[in-house]
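Please read the structure below before turning to the comments.
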Amino acid sequence: MNNYIVGIDIGSSKVCGSVGKIDKYGKLQILGITSVICSGIKKAEVVDIDNTSEAIRNCVRQLENMVDIEINHVFISLPAGICELVSNKGIIAISAEDKEVKGTDVKRVLEAAQLISVNPDKEIVGIVPIQYIIDGTDSVKDPIGMNCKRLEVDAQIITSETKIITNLFKSFNRVNIKIEGTVLQSLGAAEVLLEKEEMERGVALVDIGADTTTISIFKEGHLSFTEMFYLGGNSITNDIAMVLKIPLAEAERIKIKFGNVIRVSSDKEELIKVSNGVESSIDVKYSVLSEIIEARVEEILSFVYKSLQKSEFYNGISGLVLSGGGISLLNGITEISKEIIGKNVRVGSPKYVGASSPLYSNCIGILKHVSSKTKFNNNVEENFKEPKEDKLKSYSSKSEKGNKGILLKIKNFLGDFF
């Protein structure tokens with residue numbers, strides 16, 4: 215049986231979509247990835263539902279053409295910056311005669327941890343288990359199959375503003391796409407960009423997008439801190455357009471093609487031919503473009519440094535991993551980042567053929583996170599004894615409209631793991 219997972223990541227400049235498949239060895243295979251321009255998101259919130267919905271529709275259509283399936287259900291990412299982490303504990307008694315912990319027990323203890331007071335304008339959107347405790351023994355990662363009388367969990371409850379979530383979901387509903395589950399952006403990206411040893415030792419994942427920069431700190435294997443501020447790659451584009459008096463589209467083009475933050479001698483006479491939008495062009499010194507870019511990059515990195523200092527984790531992290539399309543692809547970005555922040559810096563890239571660009575980190579992260587929390591088996595009735603709580607995804611093959619589609623069953627507590 216074929217099993218597909220579809221992930222959609224919506225950013226301030228584009229909608230990115232990906233399709234993955236779990237092979238017979240349990241490994242994730244990336245079958246297709248694409249992106250579509252979107253201007254309906256500003257500062258991580260939907261500001262134009264029609265534009266966002268149309269971008270989602272076009273993205274899904276492109277994925278359907280790539281993989282030849284009809285897509286009706288997707289997993290989406292939620293930016294860490296629109297979410298808040300609240301620590302809490304859940305405790306339950308194991309009632310079974312044999313005292314063996316089952317999947318339903320894990321689901322119950324996670325539900326118990328979510329019994330917290332939430333502001334009226336917010337809602338719980340997920341939970342991240344930090345550790346399980348069985349009869350007082352802590353640091354248990356997976357309690358299923360173990361025996362105990364009492365099961366506890368230390369967890370982080372994820373909340374977000376209801377209006378933000380509602381408008382995001384509406385954008386999908388308008389094009390008849392069902393959201394099967396959500397993945398916290400930082401957690402998904404961490405699975406494809408960070409090494410386990412890094413996450414244990416302490417590392418900061420810095421996602422710099424078009425409008426926002428999100429800092430997520432991992433320590434002892436779990437997410438410990440997250441913060442977002444409103445500066446990103448678009449700020450650089452705006453600076454270039456304003457200083458050189460050229461259209462934004464042309465500013466974006468030369469930023470991507472010639473972007474550089476390595477200091478260049480002002481007497482370097484290399485010139486860049488730039489369109490000024492009035493059917494003519496101007497010559498711009500390479501060094502001038504570099505100075506414009508460098509000034510804004512230094513500001514963004516200074517904000518990152520201040521955020522790390524404020525988090526009180528600065529001394530406890532070994533380095534930074536940059537992701538996103540805002541500045542991570544600029545020539546010389548690791549050198550200037552290390553100079554300003556004072557830590558080792560590298561650019562993170564997914565290790566998948568055809569999807570190795572930092573631009574796709576969040577999108578591929580959705581697939582990786584979902585696949586790591588999913589268990590597949592041909593005999594689904596044997597594995598899922600409570601069908602009302604199971605999540606069923608079906609994709610109807612375009613070439614076989616008459617069949618029941620490809621069935622994918624997600625373990626019933628997948629949603630609780632975000």
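The working numbering applies: residue 215 is where the sequence shown begins, and numbers increase by one. Glycine residues also receive a C-beta, built at the ideal position from the N, C-alpha and C atoms.
Stretch-stretch touch, CB-based, cutoff 8 Å, three pairs: the stretch 459-466 with the stretch 429-442: no
Do you know whose CA, among SER301, PRO357, ILE283, VAL457, lies nearest VAL342's CA? Translated into positions along the sequence shown, residue 342 becomes position 128. Closest option to VAL342, Cα to Cα, is SER301.
Classify TYR239 as buried or exposed, calling it buried when 16 or more other Cβ atoms lie within 10 Å of its own Cβ. Your numbering for residue 239 matches position 25 in the sequence shown. Result: exposed.
Just mark VAL567 as buried or exposed, buried being the case when its beta carbon has 16 or more other beta carbons within 10 Å. Taking the first residue of the sequence shown as position 1, residue 567 is located at position 353. Per the 10 Å Cβ criterion, exposed.
Leaving aside the five residues before and after ASP223 along the sequence, list all residues of the same chain whose C-beta is less than 6 Å from its C-beta, in chain order. In the sequence shown, the residue the question calls residue 223 occupies position 9. Hits under 6 Å: CYS230, SER291, ASN576, CYS577.
Classification of VAL492 by the beta-carbon crowding that lies within 10 angstroms, buried from 16 upward: Translated into the one-based positions of the sequence shown, residue 492 becomes position 278. Label assigned to VAL492: exposed.
Buried or exposed for ILE507, please, with buried defined as at least 16 other CB atoms from any protein chain shown within 10 angstroms of its CB. The residue given as residue 507 occupies position 293 in the sequence shown. Buried, because 16 or more other Cβ atoms sit within 10 Å of the Cβ of ILE507.
Can you tell me the Cα-Cα spacing of ALA269 and ARG388, whole angstroms? For the purposes of this step, residue 269 is taken as the residue at position 55 of the sequence shown. For the purposes of this step, residue 388 is taken as the residue at position 174 of the sequence shown. Straight-line Cα distance between these residues: approximately 12 Å.
If you reduce the DSSP assignment to three classes, tell me which class ALA369 lands in. Numbered from its first residue, the sequence shown carries residue 369 at position 155. Looking at ALA369 - three-state DSSP - the assignment turns out to be strand.
Where in the stretch 335-387 do unbroken runs of the alpha helix (DSSP H), each at least 4 residues long, occur, reported from the N-terminal end onward? 376-387
Quick test of your reading: VAL488 and VAL498, contact by CB under 8 Å. State the CB separation rounded to the nearest angstrom. Here residue 488 is taken as the residue at index 274 of the sequence shown, counted from 1. Here residue 498 is taken as the residue at index 284 of the sequence shown, counted from 1. About 5 Å separates the two Cβ atoms, so the contact holds.
Leaving aside the five residues before and after LEU536 along the sequence, list all residues of the same chain whose C-beta is less than 6 Å from its C-beta, in chain order. Stepping through the sequence shown from its first residue, residue 536 is reached at position 322. Cβ neighbours of LEU536 beyond the five flanking positions: VAL420, SER542, VAL561.
Is it the case that the Cβ atoms of ALA403 and GLY579 are separated by a distance below 7 Å? As a position in the sequence shown, residue 403 is number 189, starting the count at 1. As a position in the sequence shown, residue 579 is number 365, starting the count at 1. Yes. Within cutoff.
So, helix, strand or coil for GLY234, using DSSP? On the sequence shown, position 20 is the one that residue 234 refers to. Correct three-state label for GLY234: strand.
Close Cβ partners of SER385 (< 7 Å) along its chain, the five nearest in sequence each way excluded: Looking up residue 385 in the sequence shown gives position 171. These residues qualify, in order along the chain: VAL260, ILE263, THR266, SER267, ILE270.
Do you know whose CA, among TYR218, HIS583, LEU573, PHE472, lies nearest GLY546's CA? As a working mapping, residue 546 is identified with position 332 in the sequence shown. Considering only alpha carbons, the answer is PHE472.
Unbroken alpha helix (DSSP H) run spanning ILE468, endpoints: To locate residue 468, count along the sequence shown from 1; it is residue 254. From DSSP, the alpha helix (DSSP H) with ILE468 extends over 462-472.
With a CB to CB cut of under 7 Å and the five nearest residues on each side skipped, what residues in its chain are close to THR548? For the purposes of this step, residue 548 is taken as residue 334 along the sequence shown, with counting starting at 1. Around THR548: VAL559, ARG560, VAL561.
Going along the chain, which residues of its own chain have a beta-carbon closer than 7 Å to the beta-carbon of GLU405, five neighbours each way excluded? Looking up residue 405 in the sequence shown gives position 191. If we look at GLU405 and ignore the five residues flanking it on each side, its Cβ neighbours are GLY579, LYS582, HIS583, SER586.
Helix, strand or coil, according to DSSP, for SER552 in the structure here? Indexing the sequence shown from 1 puts residue 552 at position 338. According to the sequence provided, residue 552 is Lys. The question's Ser does not apply to it. Helix at LYS552.
Whole angstroms are fine: how far does the CA of GLU553 sit from the CA of SER226? Locating residue 226 in the sequence shown gives position 12, counting from the first residue. Locating residue 553 in the sequence shown gives position 339, counting from the first residue. So the alpha carbons of these two residues sit roughly 28 Å apart.
Quick one: using the 10 Å Cβ neighbour count with 16 as the cut-off for buried, is GLU412 buried or exposed? Start at 1 with the first residue of the sequence shown, and residue 412 comes out as number 198. Its Cβ being crowded by 16 or more others within 10 Å, GLU412 is buried.
Exposed unless 16 or more other CB atoms sit within 10 angstroms - verdict on TYR218: Position 4 of the sequence shown, counting from 1, holds the residue named residue 218. Result: buried.
How would you call GLU603, buried or exposed, if buried means at least 16 neighbouring beta carbons within 10 angstroms? Here residue 603 refers to the residue found at position 389 of the sequence shown. Note that GLU603 scores a pLDDT of 35, beneath 50, so its modelled location is shaky; the value from the coordinates is reported in the next line. Counting Cβ neighbours within 10 Å, GLU603 comes out exposed, since fewer than 16 surround it.
If you follow the alpha helix (DSSP H) that TYR519 is in, where does it begin and where does it stop? Mapped onto the sequence shown, residue 519 falls at position 305. 500-525 is the extent of the alpha helix (DSSP H) around TYR519.
Could you give the distance in angstroms between the alpha-carbon of GLU311 and the alpha-carbon of ASP356? Position 97 of the sequence shown, counted from the start, is the residue given in the question as residue 311. Position 142 of the sequence shown, counted from the start, is the residue given in the question as residue 356. Cα-Cα distance, rounded: 20 Å.
Kindly indicate the opening and closing residues of the alpha helix (DSSP H) around GLY317. The residue you call residue 317 lines up with position 103 of the sequence shown. Unbroken alpha helix (DSSP H) run through GLY317: 317-327.
Measuring alpha carbon to alpha carbon, tell me which of ILE244, ILE255, VAL518 ends up nearest ILE431. Along the sequence shown, read from residue 1 onward, the residue named residue 431 stands at position 217. Cα-wise, what sits closest to ILE431 is VAL518.
Please report how far the alpha carbon of ASN597 lies from the alpha carbon of VAL323, in whole angstroms. For the purposes of this step, residue 597 is identified with residue 383 of the sequence shown, where counting begins at 1. For the purposes of this step, residue 323 is identified with residue 109 of the sequence shown, where counting begins at 1. Confidence at ASN597 is low in this model, with a pLDDT of 27, below 50, so the placement of that residue is unreliable and no value is reported for it.
Residue ranges of each beta strand (DSSP E) run of no fewer than 3 residues wholly in the stretch 404-454, ordered along the chain? 417-422, 427-433, 436-443
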